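Its first residue numbered -7, the sequence shown is counted upward by one per residue in the working numbering.
Quick reminder that beta carbons are idealized off the backbone N, C-alpha and C, glycines included.
It should be emphasised that the depicted structure is a prediction, and the values quoted were computed from it without experimental measurement.
One structure is given here, and the rest of the page talks about it.
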Amino acid sequence: MERREYFRVRAYARFWLSVVTEEELDEARVRVVARHSTIGFLPGSVEESRLSPAQRITIDLLKQIALTLDRIDRRYDERNVRVTTEARWCTDSAIDITISGSGFSTEIDMDIPEGTWLEIELDMLDSGIPRIPALARVVGRHEENGSNVTAIAFEEIHRDDLERIIQLTIRNQRQSLREVRREQSL
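Right, dumping it as structure tokens:
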């Protein structure tokens, strides 16, 4: 892996997680691959350098509409699935997370031991990243500012999703560096 994946940034995300037993691991892998978002145009399918500004705006708008419809479909599906409260946890609204290409950490109101496998789905649409399904593992728990924080490492995640997370961290890091330079120049 490239070094850039370890930059961590704060973001807001809605997500759900489900504890996966060793026996369920293969089925969880299949579900993660099946839930990978294919929204948008395939790279190279549209020659963007030849598009007018109006055409680019139209394509961006169509992508946003597709993402919104996908999000509505997922919420409908989530409402119609029976869930056992012991093995599953989800957020109703976006919460604060610290994320990098290797995983994320956040406060979770569920006692999950280290080494536990999780099937997760992150929704960081506010950061420009739609749903990200992944198979992950709990790698640590610690107390931070009076809260119990759980560290989760991605074990299996689609390459495109990983790249979107890395690009988010790079954008945020560049913005932070610009702000520091601006403050230093004053």
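Find the nearest neighbour of residue i within the set the options, judged by alpha-carbon distance.
i, options, result
"Val24", "Ala126, Thr50, Glu171, Val172", "Ala126"
"Ala217", "Asn164, Ile157, Leu117", "The requested residue 217 is not part of the displayed model; the chain covers only -7 to 178."
"Phe104", "Ile121, Asp153, Val141, Ala86", "The sequence given here places Ile at residue 104; Phe does not occur at that position. Here the closest residue by C-alpha is Val141."
"Ala20", "Arg129, Gly138, Ile162, Ile91", "Arg129"
"Arg156", "Ser139, Asp88, Asp115", "Asp115"
Considering only their Cβ atoms, is the gap separating residue j from residue i smaller than 8 Å?
i, j, result
"Leu110", "Val172", "no"
"Ser119", "Leu160", "yes"
"Trp8", "Ile144", "no"
"Glu224", "Arg133", "The chain is shown from -7 up to 178; residue 224 falls before or after that span and cannot be answered."
"Leu154", "Gly93", "yes"
"Phe(-1)", "Gln167", "no"
Please classify residue i as buried or exposed, where buried requires at least 16 other C-beta atoms within 10 Å of its C-beta.
i, result
"Val22", "exposed"
"Arg2", "exposed"
"Ser44", "exposed"
"Leu178", "exposed"
"Ile121", "buried"
"Ile49", "exposed"
Whole angstroms is fine: what's the gap from residue i's alpha carbon to residue j's?
i, j, result
"Glu176", "Ala86", "This sequence places Gln at residue 176; Glu is not what is there. Near 33 Å, if we compare the C-alpha coordinates of Ala86 and Gln176."
"Gln56", "Val131", "34 Å"
"Asp101", "Ile124", "21 Å"
"Cys82", "Arg42", "43 Å"
"Glu179", "Asp52", "Nothing can be reported for residue 179, as the shown portion of the chain is limited to -7 through 178."
"Arg27", "Arg174", "42 Å"
"Ala5", "Glu147", "19 Å"
"Ser10", "Ala46", "43 Å"
"Asp88", "Asp18", "30 Å"
"Ser139", "Arg170", "31 Å"
Is the beta carbon of residue i within less than 7 Å of some heavy atom of the ligand GDP?
i, result
"Ile91", "Inclusion of the ligand GDP in the displayed structure is not the case, the ligand content being empty and no account of it being possible."
Beta strand (DSSP E) segments (min. 3 residues) lying fully within the stretch 89 to 143: When DSSP assignments are scanned along the stretch 89 to 143, the uninterrupted stretches of beta strand (DSSP E) that are 3 or more residues long and fall wholly within it turn out to be 95 to 99, 109 to 116, 121 to 136.
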